[in-house]
Structures are given as structure tokens and as C-alpha cells.
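Q: Here it is, the structure, as C-alpha cells.
Residue numbers (the numbering used here): -8 to 43.
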């Protein structure tokens, strides 16, 4: 888990998004307090539904 300030996150957003896509959890902090968690979105599995 990586912690980064808002200022640094705004300068490195592209890299942070790439890290999150690769499974890393990133915590963005403001005044040394966690305020945002970047995590990858896991796609929902679509199920087939049959109408009888």
C-alpha cells in the first residue's frame, strides 16, 4: 500500500492509475490524514438469464 500526498498525486496521477490497475492500493493523504483510496475496479461477471 502506497501513501502519497494530494499535491504529489496530482503530479503523478497517470502513474498512480497504472499502479492501481496493476492491483496496487494507493492512499492519498491531506494534512497527513488519508482521504482517498485508489483501487482497481473489478468488472462484474455477467450472468446469462433465461426467461421461461
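Cβ atoms here follow ideal geometry from the backbone N, Cα and C, with glycine treated the same way.
(1) Apply the 10 Å Cβ neighbour rule to residue 8 and answer buried if 16 or more other Cβ atoms are within range, or exposed otherwise.
(2) Indicate the three-state DSSP secondary structure (helix, strand or coil) for residue 55 in the structure shown.
(3) Looking only at its own chain, which residues have a Cβ that is under 7 Å from the Cβ of residue 0, when we skip the five neighbours before and after it?
(4) Quick check on DSSP: helix, strand or coil for residue 12?
(5) Since residue 30 sits in a beta bridge, which residues does DSSP pair it with?
A: By the coordinates alone:
(1) By the neighbour-count rule (16 or more Cβ atoms within 10 Å), residue 8 is not buried but exposed.
(2) Only positions -8 to 43 of the chain appear in the structure, and residue 55 is not among them; the question remains open.
(3) 7 and 19
(4) helix
(5) In DSSP, residue 30 forms no bridge with anything.
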